[in-house]
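Shown next, in structure tokens, is the structure this report addresses.
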Amino acid sequence: MQLKEMDTAQLQALKIDLQKQYADYQKMGLKLNMSRGKPCQEQLDLAMPMLDIKETRAADGTDARNYGVLDGLPEAKAFMAAFMSVPEENVIVFGNSSLNIMYDTVMRAYVFGVLPNNTPWKDQGKIKFLCPVPGYDRHFGVTEAFGFELIEVPMTENGPDMATVESLVASDAQIKGIWCVPKYSNPQGYVYSDETVRRLAAMPTAADDFRVFWDNAYCVHHLDMDKPAQILDFLAECAAAGNPERPFIFGSTSKITFPGAGLAAFAAGEQTVNYVKKLMASQTIGYDKLNQLRHIKFFGNIDGLLAHMAKHAAILQPKFAMVADTLQRELGDLGCAEWTNPQGGYFMSFNTWPGLAKKVVAMCKEAGVELTGAGATYPHGIDKEDKNIRIAPSMPSLEDLRQAAELFCLCVKLASVEKLLTEK
Ligand SMILES: Cc1ncc(COP(=O)(O)O)c(C=O)c1O
Numbered sequence: 017m018q019l020k021e022m023d024t025a026q027l028q029a030l031k032i033d034l035q036k037q038y039a040d041y042q043k044m045g046l047k048l049n050m051s052r053g054k055p056c057q058e059q060l061d062l063a064m065p066m067l068d069i070k071e072t073r074a075a076d077g078t079d080a081r082n083y084g085v086l087d088g089l090p091e092a093k094a095f096m097a098a099f100m101s102v103p104e105e106n107v108i109v110f111g112n113s114s115l116n117i118m119y120d121t122v123m124r125a126y127v128f129g130v131l132p133n134n135t136p137w138k139d140q141g142k143i144k145f146l147c148p149v150p151g152y153d154r155h156f157g158v159t160e161a162f163g164f165e166l167i168e169v170p171m172t173e174n175g176p177d178m179a180t181v182e183s184l185v186a187s188d189a190q191i192k193g194i195w196c197v198p199k200y201s202n203p204q205g206y207v208y209s210d211e212t213v214r215r216l217a218a219m220p221t222a223a224d225d226f227r228v229f230w231d232n233a234y235c236v237h238h239l240d241m242d243k244p245a246q247i248l249d250f251l252a253e254c255a256a257a258g259n260p261e262r263p264f265i266f267g268s269t270s271k272i273t274f275p276g277a278g279l280a281a282f283a284a285g286e287q288t289v290n291y292v293k294k295l296m297a298s299q300t301i302g303y304d305k306l307n308q309l310r311h312i313k314f315f316g317n318i319d320g321l322l323a324h325m326a327k328h329a330a331i332l333q334p335k336f337a338m339v340a341d342t343l344q345r346e347l348g349d350l351g352c353a354e355w356t357n358p359q360g361g362y363f364m365s366f367n368t369w370p371g372l373a374k375k376v377v378a379m380c381k382e383a384g385v386e387l388t389g390a391g392a393t394y395p396h397g398i399d400k401e402d403k404n405i406r407i408a409p410s411m412p413s414l415e416d417l418r419q420a421a422e423l424f425c426l427c428v429k430l431a432s433v434e435k436l437l438t439e440k
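Using the working numbering, read the sequence shown as starting at 17 and increasing by one per residue.
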């Protein structure tokens, strides 16, 4: 029965029952964390043999222990190109973090500008950026750090609402970019449709230095390796649409080998790649080639990486299923929430009734379960409707996750019942 169909007496009886259950949880002294999308220890252990690899010579004889090779060893470029589904010549292998490349990319645009005119964004007045919401808090944080105006665009199951995106970018030359997580978006797990990808590639923009920040963070992070989501090749679509320098593409092996000790790479149109290489030459002599070799020797090729991802999926899939099953069992009939059931990535997106997300997160915290702060999925941490909560199932054990998910559902129910009673 839906909560909204209950009369006051039924709601009050339910509230008393839920309060009792909540008090029981409080006594249990739980200490569980579903806040950040970190791989669990078992996942990290999968890559431990990589640390035994002591290879120092690249295929062309380069001594990887020494200085040099700005844009990555040839085999590392080939590997990351296959991983990101782009041609080798369009790839630069950077250091250990794609977020770091994104920050540097914004910084370069801000200080030196981007093609075709290289007019620094800092000299162009108030810069605006499109932020599909709910989205990844750290993306918003990068553009917030530069003082850009962050414009929210609603997400749909097929990607950002393209009618809104197209009309905004066509009419405002101050809009210089959009954040995109095209496959298994953070936090919904949505996959951009072919139509969305084509429209992003082809849409006319008032700014000639507009860029799409294409963060393909979860390109191989499928929960079912037999049903991998596919997206169109954005670089190729942009080139075909006459906008070859529009994409800034990012990826990393953070959630494949080790966060903070993986390989991160950037891909873009040919002219952009050359421009970035020129600028970065005064920033570094080269990144960690020993880590590049370790990764290459460990995986061999992209098939080796995909076989490794199947091991991650075997750990993660039961966790996502546990949360999905619990949500459906506990909340499915009550009509007080909606959530996504991703086929990959690291998160699920959950909506309470408006005005309840903060309360639910606080109630969970008080009973020992930490969730991502309500609002984190919006620019400046402000969810005007106060309804979105990001769920990150990867880190806790299956048993901890069961308890955490059950407590979470209890808090959603209790907060919803209290809201209905106040409104009656
Ligand atoms: C969409 C997205 N991009 C980037 C990152 C961080 O990537 P990296 O570890 O390569 O900096 C995350 C981490 O959660 C993410 O969700």
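The C-beta atom is built at its ideal place from N, Cα and C for all residues, glycine as well.
Where the alpha helix (DSSP H) through residue i begins and ends
{"i": "Cys380", "result": "Ala373 to Glu382"}
{"i": "Glu415", "result": "Leu414 to Glu439"}
{"i": "Lys36", "result": "Thr24 to Met44"}
{"i": "Leu387", "result": "No alpha helix (DSSP H) contains Leu387, which is instead part of the beta strand (DSSP E) from Val385 to Leu387."}
{"i": "Ile331", "result": "Ile318 to Leu347"}
{"i": "Asn404", "result": "First-last for Asn404: Asn404 to Ile407, but that is the beta strand (DSSP E), not the alpha helix (DSSP H)."}
{"i": "Glu58", "result": "Gln57 to Leu62"}
Local Cβ density within 10 Å of residue i, reported as buried at 16 or more and exposed below that
{"i": "Gln26", "result": "exposed"}
{"i": "Val236", "result": "buried"}
{"i": "Gln308", "result": "buried"}
{"i": "Ala392", "result": "buried"}
{"i": "Arg406", "result": "buried"}
{"i": "Thr221", "result": "buried"}
{"i": "Ser413", "result": "exposed"}
{"i": "Tyr83", "result": "exposed"}
{"i": "Asn202", "result": "buried"}
{"i": "Ala330", "result": "exposed"}
{"i": "Ala297", "result": "exposed"}
{"i": "Ile398", "result": "exposed"}
{"i": "Arg345", "result": "exposed"}
{"i": "Arg81", "result": "exposed"}
{"i": "Arg73", "result": "exposed"}
Residue interval of the beta strand (DSSP E) (run including residue i)
{"i": "Pro263", "result": "Pro263 to Ser268"}
{"i": "Ala284", "result": "Ala280 to Ala284"}
{"i": "Asn49", "result": "Leu48 to Met50"}
{"i": "Phe366", "result": "Met364 to Asn367"}
Residue i and residue j closer than 9 angstroms at C-beta
{"i": "His6", "j": "Asp231", "result": "Limits of the chain in this structure are 17 at one end and 440 at the other, which puts residue 6 out of reach."}
{"i": "Val441", "j": "Thr121", "result": "Past the boundaries of the shown model lies residue 441; the chain is included only from 17 to 440, so the question cannot be answered."}
{"i": "Val102", "j": "Asp224", "result": "no"}
{"i": "Ala420", "j": "Asn404", "result": "no"}
{"i": "Leu60", "j": "Arg310", "result": "no"}
{"i": "Leu62", "j": "Asp416", "result": "no"}
{"i": "Pro263", "j": "Met338", "result": "no"}
{"i": "Leu423", "j": "Val385", "result": "yes"}
{"i": "Ile143", "j": "Lys192", "result": "yes"}
{"i": "Cys196", "j": "Leu166", "result": "no"}
{"i": "Val185", "j": "Ile194", "result": "yes"}
{"i": "Gly360", "j": "Tyr152", "result": "no"}
Closer than 9 angstroms to chain C by CB, residue i
{"i": "Phe314", "result": "Looking at the structure shown, chain C is missing, and only one protein chain is on hand."}
What residue ranges within the region 96-168 form continuous beta strand (DSSP E) runs of no fewer than 3 residues, ordered along the chain?
Complete beta strand (DSSP E) runs here, min 3: 107-109 and 144-149.
Counting only runs of 4+ residues fully inside the region 180-230, write out the alpha helix (DSSP H) ranges in chain order.
210-218
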